[in-house]
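Its first residue numbered 1, the sequence shown is counted upward by one per residue in the UniProt record's numbering.
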Amino acid sequence: MSLSEARYHDLVDAVQESVEDVFDDTSMDVDLENSGGVLTVRFDNGSQLILSRQPALRQLWVAARSGGFHFDYDEGGQLWLCDASGERLGELLSRVTLEQGGEALEFEDI
């Protein structure tokens, strides 16, 4: 992958904003904090979902109760894919939100 640094940051900004929008459009009780390129979602049970940028690797890292996941951007598919499993970022976010927040949310465009 050879994303320019500017394109990489634009893509991460866009995906973090999309994730915030999904949570904002629900009645789910979460606290969102986006600071220094790190988006933290705090669920009412105290668990967290963290999306952080790793610019040196041009990756997006996700930390959840079920583990840590590293995503590369696939230019052809225009989506973020887990480097270990090939899972789409949106699929992982839906699964983790259900596991940690007890509510199924759709992140289909992510």
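Cβ coordinates follow ideal geometry from the N, Cα and C atoms, glycine included.
Indicate the three-state DSSP secondary structure (helix, strand or coil) for Gly36 in the structure shown.
coil
On the DSSP letters alone, give me the boundaries of the beta strand (DSSP E) that Leu98 sits inside.
Note, Leu98: premise wrong, no beta strand (DSSP E); alpha helix (DSSP H) at Leu89 to Gly101.
Beta-bridge pairing of Ser52 - partner residues as DSSP gives them
Val38 and Trp61
Terminal residues of the continuous beta strand (DSSP E) containing Leu81?
Leu79 to Cys82
C-beta contact flag for Val30 and Gly77 at 8 Å
no
Consult DSSP for Asp21 and reduce its assignment to one of helix, strand or coil.
helix
If I'm right that Leu60 touches Phe71 with Cβ under 8 Å, what's the distance once you round it to whole angstroms?
4 Å
Close-in-space but distant-in-sequence residues of the same chain around Asp74 (CB under 6 Å, 5 per side omitted)
Leu81
Under three-state DSSP, which class holds Asp13?
helix
Minimum C-alpha distance to Ser27 - residue among Phe43, Arg65, Val38 and Ala14
Phe43
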